[in-house]
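Remarks on the structure that follows.
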Amino acid sequence: MPDSGARLLEGAPIAAEIRQAVAEDVARYTRDHGRAPTLAVVIVGKDAPSTVYLEQILRSCARVGIDARFAEIEGEATEATVTAQIRALNEDPTVDGVIVQMPLPPSIRLRAVIDAIDPAKDIDGIHPLNAGLLRLGYDGFLPATAHAAVEILRRSGVEIEGTNAVVIGRSAVVGMPAAFLLVREDATVTVCHSRTTDLAAHVREADIVVVAAGHPGLVTGDMLKPGAVVVDVGINVVDGKLVGDVDFDSARRVASAITPVPGGVGPLTNALLLSHLVRAAEAQAGSPRRDPPAPPPEPVTRGVR
Ligand code: NAP
């Protein structure tokens, strides 16, 4: 690898392509159904840092013609009021997708909230039914960030089949679904976490490294196999600057390709969420019951049993 560094895997151009396709689907849906596909974002606290991120989602929706709105809890956000709000949105035939502001206040159990979401409207793939469909190789809704981490590889022409991949992080929303998706793409996958002994030894064997730990500087260039492809999912603020989990400067000297932070996985996450929303709208319009999209008769993966 020349010292000039790795190829940059930038999310913005791929996200623009996805948004273009979404805008066309939205226009067709709106023509056919007399209303735009609609997203509701359940807000549990106006001052949370994630409000900025959610406002960004609303703006992206507006750009492609999706109708999106904040669903605010009347009164105090408790487990009962949040789940009641979600159930009302589940029952609302003019709402096609529901996402909930995270993190939740400590008094509200995540599992109670997740379970309340109609799987057919769960466009960020957090409901156990969608997680199970992914595990079994069926086509449910994928968590958008994990989807983005693998989609950026696919759309950048990175060969996944037959590679050794290491995923750092085993969360239900990022690490594990990314690992299952890589297995679906026929990679051989190792999942590392905070109790992994000798993380560097695992990373050194990897052709593809997906890092989703929330730990700046966790992966450095000297840990990488020369020519490895690095997907940095991490989002951290250090000295007022947005950085990933990978020490970019040292890693790009060893890797063959790397996603920048910001500008890598992030933009794609947002665009894929919009595409999930349109798919949810189309699936619900095609079926009088609001079941999740029907799985194909056979698992779509080869490797997963
Ligand atoms: P999370 O729930 O906190 O999970 C972090 C995972 O990393 C856990 O499995 C943890 O292991 C593991 N980990 C932490 N420190 C480690 C270490 N030193 N060595 C090895 N593994 C370590 O976080 P998350 O929700 O999955 O998010 C991960 C990162 O992605 C965060 O930086 C988050 O901000 C970012 N993110 C990005 C996007 C995007 O669009 N780009 C979207 C969502 C999240 P244990 O299981 O053992 O605790």
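Quick note, the sequence shown lines up with residues 230 to 534 if you use the numbering used here. The beta-carbon is built from N, C-alpha and C at its ideal position, and this holds for glycine as well.
Assuming residue i is part of the alpha helix (DSSP H), what are its boundary residues?
i, result
"Ala300", "Run containing Ala300: none in the alpha helix (DSSP H); it sits in the beta strand (DSSP E), 296 to 301."
"Val472", "That residue, Val472, is in no alpha helix (DSSP H); its beta strand (DSSP E) goes 470 to 472."
"Val255", "240 to 262"
"Val462", "That residue, Val462, is in no alpha helix (DSSP H); it is neither H nor E in DSSP."
"Pro357", "357 to 365"
Compute the Euclidean distance between the alpha carbons of residue i and residue j, then round it to the nearest angstrom.
i, j, result
"Arg519", "Arg340", "Only weak support exists for where Arg519 lies, its pLDDT of 45 falling under 50; the value from the coordinates is given anyway. Arg519 and Arg340: Cα-Cα distance of roughly 21 Å."
"Met230", "Val440", "Confidence is the limiting factor: at Met230 the pLDDT is only 46, short of 50, which leaves the residue's position unreliable and the question unanswerable from this model."
"Thr530", "Asp254", "Unreliable positioning characterises Thr530 in this predicted model, as indicated by a pLDDT of 45, which lies under 50. The coordinate reading is nonetheless provided below. About 26 Å."
"Pro489", "Leu238", "7 Å"
"His376", "Pro406", "8 Å"
"Leu410", "Val448", "22 Å"
"Ile315", "Leu287", "18 Å"
"Ile243", "His422", "29 Å"
"Ala250", "Thr426", "44 Å"
"Val418", "Glu303", "45 Å"
"His444", "Ala252", "35 Å"
"Glu388", "Glu380", "12 Å"
"Gly450", "Ala245", "30 Å"
"Thr259", "Gly366", "31 Å"
"Pro491", "Arg292", "21 Å"
"Ala297", "Gly404", "28 Å"
"Gln330", "Val281", "11 Å"
"Ala349", "Met452", "41 Å"
"Arg248", "Gly240", "12 Å"
"Ala408", "Arg364", "10 Å"
"Arg236", "Asp436", "15 Å"
"Ala284", "Ala510", "Sequence inspection shows Glu at residue 284; the Ala mentioned does not correspond to that position. Going by the C-alpha atoms only, they are around 21 Å apart."
"Pro266", "Gly515", "13 Å"
"Glu414", "Glu305", "44 Å"
"Ile328", "Ala373", "11 Å"
"Ala430", "Gly369", "34 Å"
"Val467", "Gly294", "35 Å"
"Leu503", "Cys290", "7 Å"
"Asn465", "Ala442", "10 Å"
"Asp353", "Glu301", "19 Å"
"Gly463", "Arg257", "36 Å"
Provide the residue span of the beta strand (DSSP E) that contains residue i, from first to last.
i, result
"Ala207", "The displayed coordinates of the chain run from 230 to 534. Any statement about residue 207 would go beyond what the structure contains."
"Leu371", "Segment: none, Leu371 is in no beta strand (DSSP E) and carries neither H nor E."
Are the C-beta of residue i and some C-beta of chain B separated by less than 8 Å?
i, result
"Pro334", "Within the model displayed, chain B is absent; a lone protein chain is all it includes."
Hey, is residue i close to the ligand NAD, as in C-beta under 7 Å from one of its heavy atoms?
i, result
"Ser400", "Because the ligand NAD does not appear in the structure shown, any question about it cannot be addressed here, the ligands present being the ligand NAP."
Item to check | Whole runs of the beta strand (DSSP E) within the region 382 to 453, excluding any shorter than 3 residues | outcome: When DSSP assignments are scanned along the region 382 to 453, the uninterrupted stretches of beta strand (DSSP E) that are 3 or more residues long and fall wholly within it turn out to be 393 to 397, 417 to 421, 437 to 440.
Checklist entry - In chain order, what residues have a CB nearer than 7 Å to some heavy atom of the ligand NAP? => result Listed by chain position, these are Thr374, Ala377, Ile397, Gly398, Arg399, Ser400, Val402, Val403, Gly404, Cys421, His422, Ser423, Arg424, Thr425, Leu428, Ala441, Ala442, Gly443, His444, Leu447, Val462, Gly463, Ile464, Asn465, Asp474, Val494, Gly495, Thr498.
Next on the checklist: Runs of 4 residues minimum, wholly inside the region 274 to 353: which ones carry the alpha helix (DSSP H) assignment?
Outcome noted: Listed in chain order, they are 279 to 293, 308 to 320, 339 to 345.
Checklist entry - Pairing CB atoms from the region 443 to 462 with CB atoms from the region 471 to 489, are three or more of them under 8 Å? => result The count of Cβ pairs closer than 8 Å, one atom from the region 443 to 462 and one from the region 471 to 489, reaches three, so the stretches are in contact.
Item to check | the region 392 to 406 / the region 309 to 324 touching (three or more Cβ pairs under 8 Å) | outcome: With fewer than three CB-CB distances shorter than 8 Å, the region 392 to 406 does not count as touching the region 309 to 324.
Checklist entry - Which runs of the alpha helix (DSSP H) fall wholly inside the region 478 to 516 and span at least 4 residues, in chain order? => result Scanning the region 478 to 516 for uninterrupted alpha helix (DSSP H) segments of 4 residues or longer gives 494 to 514, listed from N- to C-terminal end.
Next on the checklist: With a threshold of 8 Å, are at least 3 pairs of Cβ atoms found where one atom belongs to the region 336 to 356 and the other to the region 297 to 315?
Outcome noted: Judged by pairs of C-beta atoms under 8 Å, the region 336 to 356 touches the region 297 to 315, as three or more such pairs exist.
Checklist entry - Does the region 270 to 283 come close enough to the region 352 to 363 to have 3 or more Cβ pairs within less than 8 Å? => result Result no; under three Cβ-Cβ pairs closer than 8 Å.
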